[in-house]
Amino acid sequence: MVSKALLRLVSAINRRRMKLLLVIAVVAYVASVWGNLVNMRSIQENGELKIESKIEEIVEPLREKIRDLEKSFTQKYPPVKFLSEKDRKRILITGGAGFVGSHLTDKLMMDGHEVTVVDNFFTGRKRNVEHWIGHENFELINHDVVEPLYIEGLAKRVGARLLLASTSEVYGDSFLVVGLSTVGQALYHAPEGVEVRVARIFNTFGPRMHMNDGRVVSNFILQALQGEPLTVYGSGSQTRAFQYVSDLVNGLVALMNSNVSSPVNLGNPEEHTILEFAQLIKNLVGSGSEIQFLSEAQDDPQKRKPDIKKAKLMLGWEPVTSHSVFGHQD
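Using the working numbering, the letters of the sequence shown map in sequence onto residues 852 to 1181.
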């Protein structure tokens, strides 16, 4: 009887122990599962943070582009004249982001034409034409003409007219008046069937000049602004005639629209000495710079005065703004 009682007691104890062990096992299992869930949630949260961070890195540049696009949609362009399809020309300007080229771009765009500018931005600046970027009539191409564009062939194929911007340096040194527009005409031969207009461009100044281009006006302005001596080579008695860039642009457009196939001088015939220019710029800037005389430069022309009779007669063009810088008008 005792043994049976003990057996029942042991069995009862074993059952309780088994139940207790089972409960402990269940609790341990639940705790283990809960811990795993907590760890997984922590990993998931960290993963989500990393994913969100990566997405943000990708999305932020896109947001920037969207903001730029929104700006371009709301950008206010200079006033553009409306031209009908038959009157609107498609014009390609190589070097159109440079000093003269960008002003020519402005003129043609505001006249209502479609303009494509090709420039490698070596001396030109994108900011010179950035106010047109996004306009439906404007296109900007970054291209270096060392890789040929075959402009002449393109002009012949589509029946376009070429404007060649030539330099007045072809005339060399002149002691009196440079006026023979036929000088240097043989330097360029257009392909058969292509109309070409040749502009002999004389000294020009105005906004967007590159300060380090080595020209007289920009050199003097830079030296005056920096308080450095204004360097004049020789006595300063050699003369130059400067035209304002808007006058030149009007002359280029008039020449392009004309039937004049021989070279035409575009410049300001009013001469002033280099010393006069130095004194004028010094006074305009309000600089305390001195004028420093250096030995005369080799091959420095003593006189540079264009004869613009041909432009007046055949284009109806002459400078209208240049003379005002010296305090008087024509």
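All C-beta atoms, glycine included, are put in the ideal place defined by N, C-alpha and C.
All of these numbers come straight from a predicted model, not from anything done at the bench.
Assignment of S1069 by DSSP, reduced to helix, strand and coil, places it in the helix class. Collapsing the DSSP output to three states places E990 in a strand. With a minimum length of 3 residues, the unbroken runs of beta strand (DSSP E) contained wholly in the segment 1085-1165 fall at 1115-1117, 1142-1145.
Using a Cβ distance threshold of 9 Å, R1051 and V1100 do not count as a contacting pair. It is roughly 23 Å from the alpha-carbon of V966 to the alpha-carbon of T1055.
The beta carbons of N988 and V931 sit closer together than 9 Å. Taking a 10 Å sphere around the C-beta of F933, we find fewer than 16 other C-beta atoms and assign the residue as exposed. Uninterrupted beta strand (DSSP E) stretches at least 3 residues long and entirely within the segment 913-984 occur at 941-945, 965-970, given in chain order. Between I1132 and F1053, the C-beta spacing is not below 9 Å. S1017 has R1051 as its beta-bridge partners, per DSSP.
As DSSP reads the structure, V1083 sits in a beta bridge with F1144. By the CB criterion at 9 Å, L1145 and G1085 fall inside the cutoff. The segment 1106-1121 and the segment 1142-1161 touch, with no fewer than 3 CB-CB distances between them shorter than 8 Å.
Inter-segment contact for the segment 935-949 and the segment 963-977 is present: three or more beta-carbon pairs are separated by less than 8 Å.
For the options I984, D970, V1111, E1141, the alpha carbon positioned closest to that of V997 is the one of D970. Here the alpha carbon of D1150 sits roughly 15 Å from the alpha carbon of G1065. For E1169, the secondary structure class from DSSP, reduced to helix, strand or coil, is coil. Minimum Cα-Cα distance from I944 among the listed residues V968, P929, D938, S935 corresponds to V968.
A direct Cα-to-Cα measurement between W1168 and E907 gives close to 59 Å. When C-beta atoms of the segment 1126-1141 are compared with those of the segment 980-995, fewer than three pairs fall below 8 Å, so the two segments do not count as touching.
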